[in-house]
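Peer 1:
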Amino acid sequence: MIRNFIFSGSGGQGVLSVGIALANIYMLDDKFVSYCSSYGAEMRGGAVSCEVNVSDEELLCIQNDKADYVVAFNQKSLDKFISKVKENGTIIVNSSLAKIEKTRKDIKYIFAPLTSDAMKLGNIKFANSIALGILMKLCSNLSIDMVNCAFEKLLKNKKDLIQKNIDAFLFGYNYAI
Numbered sequence: 056m057i058r059n060f061i062f063s064g065s066g067g068q069g070v071l072s073v074g075i076a077l078a079n080i081y082m083l084d085d086k087f088v089s090y091c092s093s094y095g096a097e098m099r100g101g102a103v104s105c106e107v108n109v110s111d112e113e114l115l116c117i118q119n120d121k122a123d124y125v126v127a128f129n130q131k132s133l134d135k136f137i138s139k140v141k142e143n144g145t146i147i148v149n150s151s152l153a154k155i156e157k158t159r160k161d162i163k164y165i166f167a168p169l170t171s172d173a174m175k176l177g178n179i180k181f182a183n184s185i186a187l188g189i190l191m192k193l194c195s196n197l198s199i200d201m202v203n204c205a206f207e208k209l210l211k212n213k214k215d216l217i218q219k220n221i222d223a224f225l226f227g228y229n230y231a232i
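Heads up, the sequence shown is in my numbering, so the first residue is 56 and it goes up one at a time.
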């Protein structure tokens, strides 16, 4: 099994954090994982993306031309990365910040109002955890316990956010797809 993921959005949307979370979840499942990020000098608002590759065997490269799954947190990311989705791959689009339109017939689209849903859960920053939940429902049979362990590890200095992020993840995981 080899899976390729791309997350893209603007600085401050938790794009890199969700990629790190996904990488940690798969590492806890004893998979080989690579993580590569790309971002500009701006702290908030600039283009940000990361790529996570997962395999049962050692990975020979850390970047690929195409991805099985792309998560686009805004319109600019959707426009830039729609061509990177493999045939029969899936793109998750934050419909709160991007147009709902299907420009390719060879991929699966999931439009979810991530930003709006995150605000309903109490913090706009939960959009990435919601997206992670949707993604994990689509492509994995990993246990929720691994997700909990990953959040506990990543948020060990922000203990008050662990359960809130797990709740946001579960919101996404239970999203009607």
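Cβ atoms here follow ideal geometry from the backbone N, Cα and C, with glycine treated the same way.
Looking at Asn149: is its Cβ nearer than 8 Å to the Cβ of Ala167?
Peer 2: yes
Peer 1: Within the present structure, is the beta-carbon of Met82 separated from the nearest heavy atom of the ligand FMN by less than 7 Å?
Peer 2: In terms of ligand content, the structure shown is empty, and the ligand FMN therefore cannot be addressed.
Peer 1: In terms of residue numbering, what span does the beta strand (DSSP E) encompassing Thr145 cover?
Peer 2: Taken as a continuous stretch (DSSP letters only), the beta strand (DSSP E) holding Thr145 covers 140-149.
Peer 1: Three-state secondary structure (DSSP) at Phe136?
Peer 2: Phe136 falls in the helix class under three-state DSSP.
Peer 1: Identify whether Asn119 lies in helix, strand or coil by the three-state DSSP scheme.
Peer 2: coil
Peer 1: Between which two residues does the alpha helix (DSSP H) holding Ser184 run?
Peer 2: Looking at the DSSP string, the run of the alpha helix (DSSP H) that includes Ser184 is 182-194.
Peer 1: In whole angstroms, what separates the C-alpha of Lys131 from that of Gly64?
Peer 2: 8 Å
Peer 1: By Cβ distance below 7 Å, which residues in the same chain neighbour Leu216 in space, the five residues on each side in sequence not counted?
Peer 2: Leu210
Peer 1: Nearest to Lys141 by alpha carbon, out of Ile155, Asn129, Lys154, Lys160?
Peer 2: Lys160
Peer 1: Report all residues from its chain with a CB closer than 8 Å to the CB of Ile185; omit the five preceding and five following residues, and keep chain order.
Peer 2: Cβ within range, chain order: Ala167, Leu169, Asp172, Ala173, Leu176, Ala223, Phe224, Phe226, Gly227, Tyr230.
Peer 1: For Asn59, does the three-state DSSP call read helix, strand or coil?
Peer 2: strand
Peer 1: Which word fits Gln68, buried or exposed, when buried means at least 16 other C-beta atoms lie within 10 angstroms of its C-beta?
Peer 2: The Cβ neighbour count for Gln68, taken over all protein chains shown within 10 Å, is at least 16; the residue is labelled buried.
Peer 1: How is Asn220 classed by DSSP in three states: helix, strand or coil?
Peer 2: helix
Peer 1: If I follow the unbroken beta strand (DSSP E) through Glu106, where does it start and stop?
Peer 2: Glu106: member of the beta strand (DSSP E) spanning 102-110, first to last residue.
Peer 1: Quick check: Ala102 and Tyr90, are their CB atoms within less than 8 Å of each other?
Peer 2: no
Peer 1: DSSP on Lys163, reduced to helix/strand/coil?
Peer 2: strand
Peer 1: Counting only the same chain and skipping the five closest in sequence on each side, list residues whose C-beta sits under 6 Å from that of Glu113.
Peer 2: So the list reads Phe87, once near-sequence residues are dropped.
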